[in-house]
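Undergrad: Counting from 837, one number per residue, gives the positions in the sequence shown under this note's numbering. Glycine is no exception: its CB is placed at the ideal position from the N, C-alpha and C atoms. Model, not experiment: these values are computed from the prediction.
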Amino acid sequence: MRLFLRVFLGILFLNGVVGRVWSQPAASVEKKTRLKATSARQPDTIQSSSPKSLTFTASTDQRFFFFNDTRTEDNRRKPVSVYGIRAGFLFPPQHDRPALRGGRSASFKAGAGFYFVNQRLDKPGLLPNTSESITRHLRMGTVYYERYFLRRKAFEMSLPIEFGYGHSRYEVNDEGANKHEVARGVFLPLGVGVSAAYQFPTIRWLRPLRWFGVNILTGYRFILKKDIPESQINYTGLYLSVGPSFFLENLTADIKYWRQKHKQKKAAEQRN
């Protein structure tokens, strides 16, 4: 978990650098002349606009993988918790879509992810010539393409496609605390799924609330190349993710909004 937190904090730090070069504010402040024409009773909100360039985004991604080799006593698949992080860019739409709200207009998202799991397998015989229980260490990097087919206000649905490269390592669980490696290999996963996310509503006096939401992701993972072909281990199967979501693009949009508002306030004070 310490490595996971360090990677996530590093992504947030890089966003401050990358965002200045690559990202376009997903929200803009109306010019002063236009603000005068609005009603004084209207709340101070961010006016949404379609991004004209890439917008950096990142989020944690904890998934439950259903491996064929991990089952309960009644031979049912048991979920394995896999931790990960994804980072990429929102690509602006080619056509205006007035139905979208919240400054989050995008056609698709693309980027890369990293996942890891350390799992103890008490079922003997999974590896050839190995009768002891083993510990599995998985590390997997992916690239993904996620096309949006519904983005309306705070709700969105998309179709993510992922392709990755994974590395596995297996150690025997020795009661004498002397573990030794018995196998290792590489595998190629291909995943196709459906994702749905809901962003918490914007509240004027609590803007950070819209940085968070909930996300549901489900799909199927195909293994194009097994890591240990002669073993009973196979990662083909379903995956499911249900949990909190962090919308980094909303955070960066609010930061830029606050900066613009501060500059306008400072400029007004200097004129007075």
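Give the DSSP-derived three-state secondary structure of ALA894 in the structure shown.
TA: It is a strand residue.
Undergrad: Could you tell me how far apart the beta carbons of LEU974 and SER1004 are, in whole angstroms, since I believe they sit closer than 8 Å?
TA: So it is a contact: roughly 5 Å between Cβ atoms.
Undergrad: What residue does the alpha helix (DSSP H) around LEU1045 start on, and which one ends it?
TA: Premise fails: LEU1045 is in no alpha helix (DSSP H) and is neither H nor E.
Undergrad: Would you list the residues sitting across from PHE925 in a DSSP beta bridge?
TA: Looking at the DSSP assignment, PHE925 forms a beta bridge with PHE892, ALA946.
Undergrad: Are ALA1116 and PHE927 close, meaning C-beta to C-beta below 8 Å?
TA: Because the chain spans 837 through 1108 in this model, residue 1116 falls outside it and cannot be assessed.
Undergrad: With a threshold of 8 Å on Cβ separation, who are the neighbours of ARG1095 within its own chain once the five nearest residues in sequence on each side are excluded?
TA: Excluding sequence neighbours, ARG1095 sits near nothing in its chain.
Undergrad: In chain order, which continuous runs of the beta strand (DSSP E) of length 3 or greater are located wholly inside the stretch 997-1039?
TA: Within the stretch 997-1039, the complete beta strand (DSSP E) runs of at least 3 residues are 1017-1035.
Undergrad: Apart from the five residues on each side of it in sequence, which residues of its chain come closer than 6 Å, Cβ to Cβ, to ILE997?
TA: Within the same chain, ILE997 has close Cβ partners TYR981, VAL1028.
Undergrad: Return the chain-ordered list of same chain residues with a C-beta closer than 8 Å to the C-beta of PHE991, the five sequence neighbours on each side being excluded.
TA: The residues are ALA1032, ALA1033, TYR1034, GLN1035.
Undergrad: Hey, PHE952 and TYR919 are a contact pair by Cβ (cut 8 Å); roughly how many whole angstroms apart?
TA: So it is a contact: roughly 6 Å between Cβ atoms.
Undergrad: Assuming ARG1095 is part of the alpha helix (DSSP H), what are its boundary residues?
TA: Residues 1084-1107.
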